[in-house]
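Peer 1: So the sequence lines, in the order shown, correspond to chains C, Y and L.
Residues in the first sequence are numbered from -13 upward in steps of one, following this note's numbering.
Residues in the second sequence are numbered from 30 upward in steps of one, following this note's numbering.
Residues in the third sequence are numbered from 71 upward in steps of one, following this note's numbering.
The structure under discussion is supplied below as structure tokens; questions concerning it will follow.
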Amino acid sequence: MRSDVGQFDFVSPASLDAVLERLAAEPGVHTPLAGGTELMVALNTGRLQQHSLLNLQHLSELRFIRVEAEAIHIGSGTTFTDIRRSEAIAIDLPLLSQAASWTGSVANQNRGTLGGNLCNASPAADSPPALLAYGATVTLVSSHGTRTLPYSDFHLGYKRTALRPDELLHTISVPTGWSGYRQYIRKVGTRNAQAISKVALAAMARVDGDRTSRVIGDIRIGAASLADRPVRCAAAEAAVRGKLVNETTVRAARTALAGEAKPIDDIRSTATYRAHVAANLLEEFLRSLVG
Amino acid sequence: MSLVQLTVNGTRQQVDVPPMKRLLDVLREDLALTGSKEGCGEGECGACAVLLDGVLVNSCLVPALQVNGSRLCTIEGVSTEGRLHPIQQCFLECGGAQCGICTPGMILATQHLLDKYPHPTMEQIQEGLAGNLCRCTGYMRIFEAVQEAAKVA
Amino acid sequence: MGYTPQSGTGLLGSSPLRKEGRDKVLGASRYIDDQSLPGMWHGATVRSAIARGRIRSISYDPAVDWAQYAIVTAADIPGENTIVHLTRDHPCLARATVNHPEEPIVLLAHPDKTALLAGVRGVRIDYDPLPGVFTIEESEAAVAANDTERIIWEGSDAGGTANCFKQYCMYSGDAAETEAGLEAAFDTADFIVEGEYATGAQEQLYIENNGVIAECFRKPSGGIESVCVRGSMQCPFYLVHALTLVFDLPEDKCRVIQVETGGAFGGKEDFPSVIGSHAALLAMKCGHPVKMTYDRAEDMAATTKRHPSRTRHRTAVSKEGRLLGGTVDFAIDGGAYATLSPVVLSRGTIHAPGPYKWPHLRVRAKAMATNLPPHGAFRGFGAPQSLFGLERHMDKIARTIGLSPEELRRRNFLGTGDCTATGQPLNEPVDMQHLLTRALHEAGYHEKLARFTVENKTSSIKRGVGFASFMHGTGFTGSGERRLNSLVHLDLLPEGRPQILVSSTEFGQGTNTILCQVAAQTLQLPYDEITIARPDTSVVPNSGPTVASRTAMIVGKLIERASQQMLATLRAHAALPEAHTADDFHAAGLRYLAKHGTLRESVRYEPPTKIYWDDDLYRGDAYPGYAWAVYVAEVAVDMNTYMATCTRFDALQEVGKVMHPVLAKGQIEGGVAQGIGYALYEKCMWKEGRMMNNQMTNYIMPTSADLPPIHVHFEEVPSIHGPGGAKGIGELPMDGPAPAILNAIENATGVAFNTIPLLPEDIFERFTSLGHPHGGSEDLDVTVDRDTRTEAVEVTA
Ligand SMILES: Cc1cc2nc3c(=O)[nH]c(=O)nc-3n(C[C@H](O)[C@H](O)[C@H](O)COP(=O)(O)OP(=O)(O)OC[C@H]3O[C@@H](n4cnc5c(N)ncnc54)[C@H](O)[C@@H]3O)c2cc1C
Ligand code: FES
Ligand code: FES
């Protein structure tokens, strides 16, 4: 334990409104703490800079999965275990369900929240690629009101988000209705379980046309650890959209992905490995479309 | 300081601790329950695992304030009046505990696993215990212990 | 499930419940961090921030109220400022210079553990940095160039020279004759095969970190009367020895108590001498008991790891596949101080020839100094390193000359009556041919070899099988056991029950259980009748360190003899009948105690046969006994991710009598798991001698979801050296997995990899021409952690 816990304030306001009021009253002073699987690690290792914390973990207002006709709305306080348990998510948003299932260990999933995963804003986090592929939107709340933005606009840079100091992430809304799409997700981690990803790809595509001419009608690709933030791979998408699935298309996709990927060397892997494996995964997915 | 009330292994307890104190330290220092171990302090090893309202969590990552009003089961609460729980008995007989330092967390993870899947597949066992690192056994005796426990229960 | 026979007969070979197992599953075992003493303070260490340099000054932040702290520096040491080893180069606390990152310089104690955070931060140490050397090659280069700036270690009277802690040259016969034989062999050989093989450092990663509680007692006059240290450790008497020097006290004034120990694997063999001395110094200074426990980050960054190594082979082979002669150059990286490196080097050297006949062989070995924290003992102790080189090289030879790996080995295996490379005749039966046949059969090796060749053509997942054949010597090297002169006691407790007294420790391997089994079997008593005393050096005799797979065989044998003696005593003097019940035994025991007061049987080590060993020539009987093994690995290499996974493992070994099948399996499986980690996952990232990934989140050990089914098979050929015919098994399973796995990867991909750990990035770089000329991923920027949870360094993307 490398922090003096006596130096930290931590309170549990009774309601979401009470939390928002505190955030608004002293912007930038308080930090929300949900499942704690990020912040408590920081505390343990002596890296927790924020000394006043507000509990979100008990707020039932933030822990829900609401299924509507066109979308599933997920409260930011929803745990990965909740997500894995949801049949609707398993059926309509399998990539998210899958991502939740490999986010750390069972104990971690029991505690860690989707909101915490997004707000922590690691480029290596597991749920963002799926949410990017599905084209999710996020709703942010403050005592002044709410605003909704595309999730793809949420991440501004390395560990930087669109959240203002007085705001909380409230809801992640994920469109459903992907029955015509082939879906793919793969995480390449340091090991099979409880691993941080070296690179991960979530992708989905609709293939039009008949057996002889399969054209990629739509494609959406989200990636982790390919840049300083989770990214949607727009160039790779553009390179194959409307194209036949063939060797040329696969090569074009690889080239486009290589062009837009900006991975780095770090303690877990190398930039070249990351870029190359991401291309391999994309190729694996594209080839599966004709399988 | 915060007053935190909780029920630990069936007994009501009240502690006055810094609200960010780790549940692990509350257990070990304030409640003298040293069965939960610290292997890493970063959620990786599971040696500190306990059941919080019936759910497996790593107590090194839970701040004290978050357990106010909760029900907790630690390794000390798994046996009844000195009689081993079937899971404990199977760990003992199958060689699931070597140095024993991972064992408390491993047993609670097993309990959580068997609550969810009374007859787990090998894959479910491997996944369910993946957050509990054991450096001694190579896990094979532990898998056997879990399978035996599933038969007994 | 475990079956506990009621009576002594047949106990060896059955699986009674682990002695301390009940407490362990209850969570009731008291490890060191679960204990405290009245008035206890806590200790912490201020460590060097640089790899090498002169300490210019130590200053203390005036904002901290230092009156509340006890502060210890090298100047406070009452005895010698050294951690005892063969060479006394290793200071207890750095005084004028530091030689590795995280070297201890100042110790602090405070009644409140949290206050130590501010204390450690408040000590400022200024250095004049000196250039360091961080690899075997850099260390060698400094010597070759006589670059005095980079001669980081001067030499010793224990055989050390500049930057080199120890060298050995081992010949398979008379030196001159062997050299001549080698020359002829290389002249006439059909093939000469060369290869270089390297292994990385490996962290023991016991789940319980190092920790101790120390007390210091004063005489009425104020002088130091005695010290007492309890803690997590393997070898209580090593710590006693260390304390006698640091405190200048006689042995009986340095008491050491081993408490329940949460894994060790060699990592708690010599290191407790450091932390134990430190805590005792703080206790001396503050007048209170002091607890020191490391957290994971400190334990990983500052304590010992497995020695990195480099093995170079040059082998003369006939076209029929006979080994005609070979030279082996074996080098290990010892870190900044000699510590145990000479002994690790020795075991690596003796195991370098493997289980093969070498008409002419020369092994040159050296342990080099670098500015890394000292490397130390880890399960296998040098043997996994040199055997990795050899078993990879055997596959290379096979490929070069066009034989199968199996056939090449069959043509060169040692057998009963043959002499090992040190000239030790193998008098006990050895049947490597049979072991190989059975291991390959159990693993379905031939069928898979054929099937994978076909399947791999159309799959992006390439599968392969490979194996390694090897042996592991049990007990101390050469005359070591005779020098140790181990002693055990067997007492009769007042209620007529026997109790074992040894300094051999339990840290998961099953010491308590097997020693009680041996006593129970020999005394013809139920297993539950036997107890074993906690290793407390004020109570137990020195039965030697708990290392080198020696406990079952060597100490077990002593317990067997002590038990026989006790039976004889009770029969002769207390009318114990020849065939007795437990009640008869108690009654006889009580009769004896009534008459004589106490009964203690003491037995000292005596070699069961003549053991001859020449330490200068490195020839003779290297070990009292060997365990023999063939391990088979099956792997899958995913060509999309370049990840190699072990998908099945078969471990067959001949270990003499298997005393406790459940424990024995557990030992093998645990060792194999560590071996798989060693081969494919566990990489220490160094930067200027400092471990950068000193966290469980980025030092990757296998989880339950990463390991394949491990199938353990035994052959039992009783040995005269161990109780009931047992030999040691503790370290053996560490030797085989890495070469077997890399052999399998070569089989799967057609590419030979000769460095471990082998990570996907390494495979990727070899498979593509991208990346760096040197291959491997050494060029990673290890200062950056793109972990979801670490923000220590900003990423420039
Ligand atoms: C052992 C271990 C393994 C892990 N493995 C993985 C893995 O495989 N994949 C992965 O992606 N992650 C992994 N993680 C990281 C972590 O579990 C996840 O990021 C988790 O989702 C964080 O959620 P939390 O609620 O616990 O976050 P917290 O620690 O509570 O918070 C994290 C951050 O989000 C902020 N925050 C939380 N909720 C809100 C909100 N509603 N509005 C605004 N800000 C908010 C907090 O202020 C904080 O900055 C692992 C962590 C551990 C300890
Ligand atoms: S100590 Fe909590 S997970 Fe390791
Ligand atoms: S039994 Fe030692 S770590 Fe699991």
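Built from N, CA and C at the ideal position, the CB exists for glycine as well.
Quick one: give me the first and last residue of the alpha helix (DSSP H) that E73 (chain C) is part of.
Peer 2: Taking the first sequence and counting its residues from 1, the one referred to as residue 73 (chain C) is at position 87. It spans 73 to 78 - the alpha helix (DSSP H) in which E73 (chain C) sits, taken as one unbroken run.
Peer 1: Taking a Cβ distance cut-off of 9 angstroms, strictly less, list which residues of the segment 60 to 74 of chain Y are near chain C, in chain order.
Peer 2: E67, C69, G70, E71, G72, E73
Peer 1: May I have the straight-line CA-CA distance separating V55 (chain Y) from R670 (chain L), to the nearest angstrom?
Peer 2: As a working mapping, residue 55 (chain Y) is identified with position 26 in the second sequence. As a working mapping, residue 670 (chain L) is identified with position 600 in the third sequence. If I take the Cα positions, the gap works out to 46 angstroms.
Peer 1: Would you kindly work out how many angstroms separate the C-alpha atoms of G83 (chain Y) and A98 (chain L), rounded to a whole number?
Peer 2: Sequence index remark: in the second sequence, residue 83 (chain Y) carries index 54 (1-based). Sequence index remark: in the third sequence, residue 98 (chain L) carries index 28 (1-based). Their backbone Cα atoms lie some 22 angstroms apart in a straight line.
Peer 1: Where do the N-terminal and C-terminal ends of the alpha helix (DSSP H) with F719 (chain L) fall, by residue?
Peer 2: Translated into the one-based positions of the third sequence, residue 719 (chain L) becomes position 649. Note, F719 (chain L): premise wrong, no alpha helix (DSSP H); beta strand (DSSP E) at 713 to 724.
Peer 1: Counting only runs of 3+ residues fully inside the segment 228 to 269 of chain L, write out the beta strand (DSSP E) ranges in chain order.
Peer 2: 234 to 241, 261 to 269
Peer 1: For G845 (chain L), collect the residues of the same chain with a Cβ closer than 8 angstroms to its Cβ; drop the 5 residues on either side in sequence, then sort them by chain order.
Peer 2: Taking the third sequence and counting its residues from 1, one reaches residue 845 (chain L) at position 775. In this predicted model, G845 (chain L) has a pLDDT of only 33, less than 50, meaning its place in the structure is not dependable enough to derive any value.
Peer 1: Measuring only the C-alpha atoms, how far is P306 (chain L) from D104 (chain L)?
Peer 2: Position 236 of the third sequence, counted from the first residue, corresponds to residue 306 (chain L). Position 34 of the third sequence, counted from the first residue, corresponds to residue 104 (chain L). So the two alpha carbons sit approximately 19 angstroms from each other.
Peer 1: Pop quiz: M729 (chain L) and A632 (chain L) are said to be a contact at Cβ under 8 angstroms. What is the actual Cβ separation, rounded to whole angstroms?
Peer 2: Position 659 of the third sequence holds residue 729 (chain L). Position 562 of the third sequence holds residue 632 (chain L). Incorrect: roughly 17 angstroms between the Cβ atoms, too far for contact.
Peer 1: Is the number of C-beta pairs between the segment 715 to 729 of chain L and the segment 508 to 517 of chain L that are closer than 8 angstroms three or more?
Peer 2: yes
Peer 1: I want to verify the contact list: residues of chain C whose CB lies under 7 angstroms from the CB of V55 (chain Y), in sequence order.
Peer 2: Locating residue 55 (chain Y) in the second sequence gives position 26, where the first residue counts as 1. The contacting residues do not exist; V55 (chain Y) stays about 10 angstroms from chain C at best.
Peer 1: Using a Cβ-based criterion (distance less than 7 angstroms to any ligand heavy atom), does T241 (chain C) qualify as near ligand 3?
Peer 2: Taking the first sequence and counting its residues from 1, one reaches residue 241 (chain C) at position 255. Because no heavy atom of ligand 3 lies under 7 angstroms away, the Cβ of T241 (chain C) does not count as near it: no.
Peer 1: Report the rounded CA-to-CA distance for K50 (chain Y) versus A93 (chain Y), giving the unit in angstroms.
Peer 2: Here residue 50 (chain Y) corresponds to residue number 21 of the second sequence, with the count starting at 1. Here residue 93 (chain Y) corresponds to residue number 64 of the second sequence, with the count starting at 1. In a straight line, the C-alpha of K50 (chain Y) is about 5 angstroms away from that of A93 (chain Y).
Peer 1: Would you report the Cα separation of W47 (chain L) and M438 (chain L), rounded to the nearest angstrom?
Peer 2: With chain L running from 71 to 867 in the structure shown, residue 47 (chain L) is simply not present.
Peer 1: Is T838 (chain L) helix, strand or coil by DSSP?
Peer 2: As a position in the third sequence, residue 838 (chain L) is number 768, starting the count at 1. Correct three-state label for T838 (chain L): coil.
Peer 1: Rounded to whole angstroms, what's the CA-CA distance from S619 (chain L) to Q579 (chain L)? Just pull it up for me.
Peer 2: Translated into the one-based positions of the third sequence, residue 619 (chain L) becomes position 549. Translated into the one-based positions of the third sequence, residue 579 (chain L) becomes position 509. Their backbone Cα atoms lie some 10 angstroms apart in a straight line.
Peer 1: With a 10 Å radius around its C-beta and 16 neighbouring C-beta atoms as the bar for buried, classify V168 (chain L) as buried or exposed.
Peer 2: For this step, residue 168 (chain L) is matched to residue 98 along the third sequence. Buried, since its Cβ has 16 or more Cβ neighbours within 10 Å.
Peer 1: Count the other C-beta atoms from every protein chain shown that fall within 10 angstroms of the C-beta of D131 (chain L), then say buried if there are 16 or more, exposed otherwise.
Peer 2: Position 61 of the third sequence, counting from 1, holds the residue named residue 131 (chain L). Counting Cβ neighbours within 10 Å, D131 (chain L) comes out exposed, since fewer than 16 surround it.
Peer 1: Could you list the residues in the segment -8 to 7 of chain C with a C-beta less than 9 angstroms from some C-beta on chain Y, going in chain order?
Peer 2: Taking 9 angstroms as the upper bound on Cβ-Cβ separation, chain Y lies near residues G(-8), Q(-7), F(-6), D(-5), F(-4), V(-3), S(-2) of the segment -8 to 7 of chain C.
Peer 1: How about K50 (chain Y): is its C-beta nearer than 8 angstroms to some C-beta of chain C?
Peer 2: Translated into positions along the second sequence, residue 50 (chain Y) becomes position 21. Closer than 8 angstroms: yes.
Peer 1: Looking at the secondary structure, which residues open and close the beta strand (DSSP E) in which F341 (chain L) lies?
Peer 2: Translated into positions along the third sequence, residue 341 (chain L) becomes position 271. Taken as a continuous stretch (DSSP letters only), F341 (chain L) belongs to no beta strand (DSSP E), as it is neither H nor E.
Peer 1: Of all Cβ atoms in chain L, is any one closer than 8 angstroms to the Cβ of E270 (chain C)?
Peer 2: For the purposes of this step, residue 270 (chain C) is identified with residue 284 of the first sequence, where counting begins at 1. Interface residue, yes.
Peer 1: Could you list which residues in chain L have their beta carbon closer than 8 angstroms to that of T132 (chain Y), in chain order?
Peer 2: By one-based count along the second sequence, residue 132 (chain Y) stands at place 103. Residues of chain L passing the Cβ test: K94, V95, G97.
Peer 1: Tell me whether P731 (chain L) counts as near ligand 1, meaning its Cβ is closer than 7 angstroms to at least one heavy atom of that ligand.
Peer 2: What you label residue 731 (chain L) is simply residue 661 of the third sequence in a count that begins at 1. No, since every heavy atom of ligand 1 falls outside the 7 angstroms radius drawn around the Cβ of P731 (chain L).
Peer 1: Suppose you measure from the CA of E848 (chain L) to the CA of W756 (chain L); what does that come to, to the nearest Å?
Peer 2: As a working note, residue 848 (chain L) is residue 778 in the third sequence. As a working note, residue 756 (chain L) is residue 686 in the third sequence. Because the pLDDT of E848 (chain L) is 34, which lies under 50, any placement of that residue in the model is unreliable, and the number read from its coordinates should be weighed accordingly. Each residue's Cα considered, the two are about 9 angstroms apart.
Peer 1: Leaving out five residues before and five after P249 (chain C) in sequence, what residues of the same chain have Cβ atoms less than 6 angstroms from its Cβ?
Peer 2: Here the question's residue 249 (chain C) lines up with position 263 in the first sequence. L212, A257, R260, A261.
Peer 1: So, under 8 angstroms CB-CB, V92 (chain C) and L40 (chain C) are touching, yes? Tell me the CB distance rounded to an integer number of Å.
Peer 2: As a first step, residue 92 (chain C) must be located in the first sequence, where it is residue number 106. As a first step, residue 40 (chain C) must be located in the first sequence, where it is residue number 54. Incorrect: roughly 27 angstroms between the Cβ atoms, too far for contact.
Peer 1: Which full runs of the alpha helix (DSSP H) of 4+ residues lie inside the segment 92 to 166 of chain Y, going along the chain?
Peer 2: 115 to 123, 132 to 145, 151 to 157
Peer 1: Since D152 (chain C) and S128 (chain C) should fall inside the 8 angstroms C-beta cutoff, what is the C-beta to C-beta distance between them, to a whole number of angstroms?
Peer 2: Taking the first residue of the first sequence as 1, we reach residue 152 (chain C) at position 166. Taking the first residue of the first sequence as 1, we reach residue 128 (chain C) at position 142. Correct: roughly 5 angstroms between the Cβ atoms.
Peer 1: In this structure, does DSSP put S907 (chain L) in helix, strand or coil?
Peer 2: Residue 907 (chain L) cannot be examined here, being either before or after the span of chain L that is shown, 71 to 867.
Peer 1: With a threshold of 7 angstroms, establish whether the CB of G747 (chain L) neighbours any heavy atom of ligand 3.
Peer 2: On the third sequence, residue 747 (chain L) is found 677 positions in, with the first residue counted as 1. No, Cβ of G747 (chain L) sits at least 7 angstroms from all heavy atoms of ligand 3.
Peer 1: Looking at C-alpha atoms only, which residue of C:R254, C:L275, C:A209, C:T235 is the closest neighbour of S247 (chain C)?
Peer 2: Position 261 of the first sequence, counted from the start, is the residue given in the question as residue 247 (chain C). Reading off the sequence shown, one finds Ala at residue 247 (chain C), where the question assumed Ser. Comparing alpha-carbon positions, the option among C:R254, C:L275, C:A209, C:T235 lying closest to A247 (chain C) turns out to be C:A209.
Peer 1: Listing by chain order, which chain Y residues have their CB less than 8 angstroms from the CB of Q180 (chain C)?
Peer 2: Mapped onto the first sequence, residue 180 (chain C) falls at position 194. Going along chain Y in sequence order, the residues near Q180 (chain C) (Cβ under 8 angstroms) are E73, A159, G160.
Peer 1: Considering Cα atoms alone, identify which of Y:G75, Y:S99, Y:N97, Y:R100 is closest to S88 (chain Y).
Peer 2: In the second sequence, counting from the first residue as 1, residue 88 (chain Y) sits at position 59. Of the candidates Y:G75, Y:S99, Y:N97, Y:R100, the one whose C-alpha sits nearest the C-alpha of S88 (chain Y) is Y:G75.
Peer 1: Taking the DSSP output, what are the residues bridged to M362 (chain L)?
Peer 2: Numbered from 1 along the third sequence, position 292 holds the residue referred to as residue 362 (chain L). Bridge partners of M362 (chain L): L:V282.
Peer 1: Let me check you understand the geometry: is the CB of G75 (chain Y) closer than 7 angstroms to at least one non-hydrogen atom of ligand 2?
Peer 2: The residue given as residue 75 (chain Y) occupies position 46 in the second sequence. Taking the Cβ of G75 (chain Y) as the reference point, at least one heavy atom of ligand 2 falls within a distance shorter than 7 angstroms.
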